[in-house]
Amino acid sequence: MTKISLMVSHRYQCLTINYLQGDYFKYEPLLLRFIKLIMASFSKKTRIVVIGVGAVGSTTAYTLLLRERMDELVLIDANKEKAIGDALDMNHGLAFLGKAQVWAGDYEDCAEADIVIITAGVAQRPGESRVDLLKRNVAIFESITTEVLKYNKDGILLIATNPVDIMSYFTWKKSGWPSHRVIGSGTLLDTARFRYLIGDKLKIDPRSVHAHIIGEHGDSELPVWSHANIAGSEIVLNENDREELFHNTRDAAYSIIQAKGATYYAIALALDRICTAILKNEAAVLNVSTLLNNYHGISDVYLGVPCIVDRSGVREILQLNINEEEQELLKKSGDKMKELIRYISL
């Protein structure tokens, strides 16, 4: 009889089982049960760490918990009492959800994390641009990333602190990690806002709207009207409507901050979407911030562009065939980020 090897693989372990071909059907139930037991013993719990449990961090943590994205959720904050309170509050709801562990931790807990989400930083003030946040956030961010990198060497860093493109670039430079494992939330939220507003205007489900915002997550971002479509059909809008839709997209955060002090619901959903693509190895196309290398002539800067996101992080950057006007606007956005990088001497 022919001898067959069956390989059972996992992220960290593998097992080879040898059996005789003629005995396969006789022992199939026992073999399958044995495989399940072995895989369970090899199983590594999925852990997400959220650093900074202000409005964005706590809402993100709660969203991840509701969606049952991980086995372990760790909350870290300079205000330890706040992290303890949030963890306790979430634990009290676990009877209504699947099994998970939530606790207020320390940087040592980053060691086993699959994803470390950094949302910590000072809040954006009414009327303050994301760029004005830069100086106030860099010092805080440096101390955080130093601690994270002491303990985590092979996870994925997901940055949401604004200005997110600069903070992502800063983290990549400081970490020495490959850029595909240092990801910024980028223009994913801007793209979602854009699709919602177009859908609202045209009375179409925003999930059926295909349109992108690329570039900086901020004032120099741009709409890619040349690729905007619904089921392959061009979106027909006059210039005034297009301008209004884009301006409402770009300035949405300012309007929300003016009204209630901070944005946190939609960005939490955006971060959850990125985590899902990573943990489920989806190979989803998401407009995240990543390091560009000759992207329409732009290099050595983080900007939000469509990327394939899977278990490895950013697997591939998709180069949109944008028109000349859009290329020029994207270049200006990249130049602005480079100027800020020089400003903080990176």
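The opening position of the sequence shown corresponds to residue 221 in the numbering used here, with each subsequent residue numbered one higher. Cβ atoms here follow ideal geometry from the backbone N, Cα and C, with glycine treated the same way.
Item: Suppose only complete runs of 3+ residues qualify. What are the beta strand (DSSP E) ranges in the segment 425–474, listed by chain order?; Value: none
Item: Can residue 307 and residue 317 be called in contact, C-beta distance under 8 Å?; Value: no
Item: Examine the Cβ distances between the segment 551–564 and the segment 434–453 and report whether three or more of them are shorter than 8 Å.; Value: yes
Item: Give the DSSP-derived three-state secondary structure of residue 522 in the structure shown.; Value: strand
Item: If we ignore side chains and look at the alpha-carbon of each, how far apart do residue 513 and residue 444 end up?; Value: 20 Å
Item: With distances taken Cα to Cα, identify the nearest neighbour of residue 478 among 348, 281, 326.; Value: 348
Item: Quick one: residues in its chain with C-beta nearer than 7 Å to the C-beta of residue 511, no 5 flanking neighbours on either side, listed in chain order?; Value: 392, 399, 522
Item: Quick one: residues in its chain with C-beta nearer than 8 Å to the C-beta of residue 461, no 5 flanking neighbours on either side, listed in chain order?; Value: 421
Item: Given this structure, state the Cα-to-Cα distance separating residue 483 from residue 383, to the nearest angstrom.; Value: 14 Å
Item: Starting from residue 324, follow the beta strand (DSSP E) in both directions and report where the run begins and ends.; Value: 321–324
Item: Check for me: the beta strand (DSSP E) holding residue 504 runs from which residue to which?; Value: 504–512
Item: I need the boundaries of the alpha helix (DSSP H) containing residue 533, first residue and last residue.; Value: Counting along the chain, residue 533 falls outside any alpha helix (DSSP H), though it belongs to the beta strand (DSSP E) covering 533–537.
Item: To the nearest angstrom, report how far apart residue 430 and residue 301 are at their CA atoms.; Value: 43 Å
Item: Short of 8 Å in beta carbon distance, which residues of its chain neighbour residue 261, apart from the five on each side in sequence? Order them along the chain.; Value: Reliability fails at residue 261, whose pLDDT of 46 lies under 50, so the model's placement of it is uncertain and the value that follows must be treated cautiously. None.
Item: What would DSSP say about residue 564, mapped onto helix, strand or coil?; Value: coil
Item: If the criterion is Cβ atoms closer than 8 Å, does the pair residue 336 and residue 368 meet it?; Value: yes
Item: Tell me which residue opens and which closes the alpha helix (DSSP H) that residue 419 is part of.; Value: 408–422
Item: Going by DSSP in three states, residue 261 sits in which element: helix, strand or coil?; Value: Reliability fails at residue 261, whose pLDDT of 46 lies under 50, so the model's placement of it is uncertain and no value is given.
Item: What number of angstroms, rounded off, separates the C-alpha of residue 577 from the C-alpha of residue 380?; Value: There is no way to answer for residue 577, as the model of the chain reaches only from 221 to 566.
Item: Taking DSSP as the reference, what is the three-state secondary structure of residue 342?; Value: coil
Item: Nearest CA to the CA of residue 326: which residue from 304, 526, 312, 535?; Value: 304
Item: Do residue 320 and residue 288 have their C-beta atoms closer together than 8 Å?; Value: yes
Item: CB residue 543 to CB residue 524, shorter than 8 Å?; Value: no
Item: Looking only at its own chain, which residues have a Cβ that is under 8 Å from the Cβ of residue 518, when we skip the five neighbours before and after it?; Value: 512, 550, 551, 554
Item: For the alpha helix (DSSP H) holding residue 277, just list the boundary residues, first then last.; Value: 275–286
Item: Would you be able to state if there are at least three C-beta pairs under 8 Å between the segment 465–474 and the segment 494–504?; Value: no
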